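Read through the structure below, which is laid out as structure tokens, and then see the notes.
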Amino acid sequence: MLTKKILCNWQHNKGGVNVNLETKTDMKDNIRVSLWQETKTVMKNNIREYGMYIALIVIILTFTIMTDGLFISSRNISNLLDSAGYIAVLAVAMTLVIVIRHIDLSVGYVAGFLGAIAAILLTQAGVPVYLTIPIILVLGIVVGLFNGLLVAQIGIPAFVATLATMLIFRGALLQVTEKSGTIIIQNDSFNAIGNGFIPSLTEVNGLHLLSLIVGLIGILFYVFSEISNRKSKLKYQFEVLSKPMFVSKLVIISAIIAYITWILAGYNGFSWTMIIMLAVVIVYHFFTTKTVTGRHIYAVGSNPEAAHLSGINVKKITYIVFGSMGLMSALSGILFTARLQSATTTAGTLFELDAIAAAYVGGVSAAGGVGKVTGAIIGAIVMASLSSGMNLLGVGISYQYMIRGGVLAAAVIFDVVTRLKK
Amino acid sequence: MGLTPYGSDPSKGGQNMSEYILEMDGITKEFTGVKALSDVNFKVEKGEIHCLIGENGAGKSTLMKVLSGVYPYGTYEGDIIFEEEIQQFHKISDSVKTGIVIIYQELALFPDLTVYENIFTGNEVKQGGMINWNQTIVESRKLLEKVKLDVNPETLVKDLSVGKRQLIEIAKALSKDVKLLILDEPTAALNEDDSENLLNLLKELREQGITCIMISHKLKEVISIADKATVLRDGRTICTLDASKGEISENIIIKNMVGREIEDIYPKRQKAIKDETILELKNWSAYDPQLGRYVVKDINLKVNKGEIVGIAGLMGSGRTELALSIFGNARKYKLSGEMLINGQAQTLKHTSEAIASGIAYVTEDRKGDGLFLLQDIKNNITTANLKGIAKSGIINQNEEIKVAESYKNSLQIKAPSLEQLAGNLSGGNQQKVSLGKWLFVAPKLLILDEPTRGIDVGAKFEIYTVMNKLIEDGLSIIMISSELGEVLGMSDRVYVMAQTELKGELDIEDANQENIMQLATQ
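Residue numbers (the working numbering), protein chains in the order written: chain F, 2 to 423; chain E, 174 to 695.
What follows is the structure in structure tokens.
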């Protein structure tokens, strides 16, 4: 249980050095803890992780009050999430790059360039959407692997290597858009990726039915996976949350999902961008926490030398992480181009810094080995919420930058301070 | 035994108090409810070498951190009296100003700066606000002479051996007019020659009136150098031993350290050697292109099933490099010669291939390249063999906890839970985590590089016991060690390395400290 003794007494037997190599566990303390105390312990142990969520809730509540509820309106939340999409997917992959102690500065212009290529393929070459998207994604992987080559194979510091590729792709973007200027895309199914919503089937009391169903499935999926997880843990006799605590956790998270679904269903429902974002997080979360390769990434970030001596192929991991960064750059380019319904000469400018900021707000550590992809998404949403809320309040752009900078600094300070306390 | 219990010192009762340069009185230091030090008394006389001894976690480092101001005045109870004045150190520089300088085990030098820059960093020779570099070099020459180090002060520190760097740390301390020099395991990373140099230097500094506190795990050194020795155990002062009364001997020290008699710290095992060669090297050489020289040369070596093969030798003799060249050529040397695993010639190109063919390597430097300090015990144990608990690339996390739990229990890793970060464990427990990680890959040949460096006697014994158990289970072990006692106590056969070559092979019956040392210093 949670009140396991923190202190571990290591005292030698007085009579001699009879070290018996046998099991000695006292897992179960019979001390009852109240729910409140358990909450406090859980909070205390996870303050770093929960801090971000609490910050997000505080930001949302503050803006909701200051805008008389306008901030939390269906339309605004829908817009906010859509506008976070192309940075969020970058932030997810960037988190892994930072986890293995590298950085990728090229992602912004790579996204911009690949978005332009998508536009060219769709408009000038007449390639259908269902081919364009996979082509762009593969190109993204190729670019990412090229960065990986510079970093892992040749050994150039990632900052310099990706600075070089950033310049190259900035030039390439200008090159392909120079003649035509902005390329307008008139393909509806492509543009739907950035602007469209999932079909509604029918409306129930003005609510978007399919979205409600998606939300419901989400809740059921969450509840079932938590319950089966707890069951198997109990089977192996591991520590789990107490029953009332577990149930309240399920209820709270389900309520949050339900509320978000309800808000969104009141407008146009889930957008395609949100679905893509969600899919990216789910896939990356699974990849990083449940697979061998995912764990190897964290091992390499934690101590590259020890990882190498543990039989982990550090080069391969570096390639995989930069490859995934390239893939997400391509996706980001598609989302952004579809959202604007056009490719511009300046697309992608400063995306890399927004993504890095989101990753840091999301709790990744520059020292390597620490950082969750779920955090990156929250980080991206925090940053998007700030922009959105301040826009609603009519805060000038100069102040907006300063406040976002302050929030980034605060997030990193919080991270450093809580880490020291541990 | 005639030991002097603390507090009553009959022989010195009538003498003047002023002969103590340092008195630490009733020091108590708590970390969130855990008492790291409780009512510790520690007195050092002027001009003596006073050794501070105790198992890991006994409170030696904490005591020294209290003394040096790392834990500022007010965060502990008790008094520090230095030169008859109660001191209140709020930060490290306060204690340095008073003349107390600590040299930590992990040296705090700048590898890319020159010797003279290192010596005077933080204590620059200034003239009108500018640094006088010429004077700095002149001064550093004098200091280098004092510590008997014959190097050009303009050499970069990274080009010096560990032993020489240690001397530079001392020169740095001397530049600050040190009265009390504290050394935290100064010889842990040194070979026997350098260690002896260092100890001789300390004796000379004693002649010059510098008082010295030395934390050490090497009892032989303590015996050879200490005037007094204070033993700490579980955050308490156990006793202070006086060399002039003949109280400083291995038996007495160990008894007080662990609170028990140790007849033999090397547990016996049944001979289990089979006539089956696990590993054989023929004319094995490794050339390091970065260093531009051979690091391992013409090695012919054999390891049988169920055998502990000791590799003795001084640091820098190529022992670790030999291990790394066997273990999948982890440092990308240019290899020549032949390696036979189970009688079959093999070329291992990566550490993962070495693991796949049944070789495991527990590194010398646990913190540097052994463990993932920011990850928990569980992750550390399973990292090298995640495939063993995964199905088509997806990890069975319950299985993982079970595996980690079983190693935690069988190796007796002392930690409140599997979620404890490896960085927060004591040296002995960290070493057990490393061992667990490598046992989980189910190796046939385990290479242990300095398996008990920097860990206390109790944990050492536990690790030796594990080694014996593994041998009984049919594993083979190559044990690289600088501790002759360990080599002699645990090995079935001993190879001695010196200057990248194998200088000799000794059966354990014929091996003794003298003939090993003789081969190692060839």
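Glycine included, each C-beta is placed from N, C-alpha and C at the ideal position.
Note that the structure is a prediction, hence the values are computed from the model and not measured.
The beta carbon of A117/F does not come within 7 Å of any beta carbon belonging to chain E, so the residue lies off that interface. Contact annotation for A557/E against chain F: S311 and G312 [CB-CB distance below 7 Å, chain order]. Relative to N188/F, the option among F271/F, L208/F, V417/F and A126/F whose CA is nearest is A126/F. Unbroken beta strand (DSSP E) runs of no fewer than 3 residues, entirely contained in the segment 531-587 of chain E, are found at 532-535, following chain order.
Taking 4 residues as the shortest admissible run, the segment 67-139 of chain F contains the following complete alpha helix (DSSP H) segments, listed from N- to C-terminal end: 75-100 and 108-124. With respect to S649/E, L618/E sits close: the two C-beta atoms are nearer than 7 Å. In the structure shown, the three-state DSSP call for L363/E is coil. Here DSSP, grouped into helix, strand and coil, assigns E420/E to coil. For the options M690/E, T403/E and T493/E, the alpha carbon positioned closest to that of M197/E is the one of T403/E.
Rounded to whole angstroms, the separation of the alpha carbons of A153/F and I73/F is 45 Å. Inclusion of A360/F and I99/F in the CB contact set at 7 Å is warranted, their separation being smaller than that value. Here G543/E has T536 and S607 as same chain residues with Cβ atoms under 6 Å from its own Cβ, once five neighbours each way along the sequence are excluded. Among the residues facing chain F, I554/E is not included, as its CB has no counterpart in that chain under 7 Å away.
Interface criterion not met: the Cβ of N424/E is under 7 Å from no Cβ in chain F.
Selection L405/E, R409/E, G408/E and T413/E evaluated against A399/E yields T413/E as nearest (Cα-Cα).
Note that the C-beta distance between L356/E and G232/E is not below 7 Å. Looking from the CA of K216/E, the closest CA among D407/E, C385/E and V468/E belongs to C385/E.
Taking the Cβ atoms as the reference, K337/E lies roughly 6 Å from L322/E, within the contact range of under 8 Å.
For E645/E, the enclosing alpha helix (DSSP H) has its first and last residue at V630 to E645. Partner residues in the beta bridge of A402/E, as assigned by DSSP, are C224/E and L414/E. For the pair of segments examined, the segment 373-381 of chain F was found to touch the segment 85-93 of chain F: the number of CB pairs separated by less than 8 Å reaches three. Exclusion of the five residues before and after H223/E leaves V217, T384, C385, I386, M387, A399, D400, K401, A402 and T403 as the residues of its chain whose Cβ lies within less than 8 Å of its Cβ.
Excluding residues up to 5 positions away in sequence, T201 lie with their Cβ nearer than 6 Å to the Cβ of E250/E in the same chain.
When CB distances to chain F are screened at a threshold of 7 Å, the residues of the segment 589-611 of chain E falling below it are P589 and S590, in chain order. By the neighbour-count criterion, in which a residue is buried when 16 or more other Cβ atoms sit within 10 angstroms of its Cβ, R492/E is buried. DSSP places F204/E in no alpha helix (DSSP H) but in the uninterrupted beta strand (DSSP E) bounded by Y193 to F204. Comparing alpha carbon positions, the residue from D471/E, P624/E and G489/E closest to G510/E is D471/E.
Rounded to the nearest angstrom, the gap between the Cα atoms of A162/F and I276/F is 33 Å.
The DSSP-derived three-state label of H297/F is helix. In the assembly as shown, D549/E is a buried residue. Its beta-carbon has 16 or more other beta-carbons within 10 Å. If you draw a straight line from the Cα of S325/F to the Cα of H286/F, it comes to about 13 Å. Judged by DSSP in its simplified three-state form, K475/E adopts strand. Scanning L236/E, Q593/E, I427/E and L225/E for the CA closest to the CA of A209/E turns up L236/E.
Look at T346/F: its C-beta is not under 7 Å from any C-beta on chain E. Against chain F, the beta carbon of A563/E has neighbours under 7 Å at V293, listed in chain order. Contact annotation: the segment 635-642 of chain E touches the segment 438-456 of chain E, with at least three C-beta pairs closer than 8 Å.
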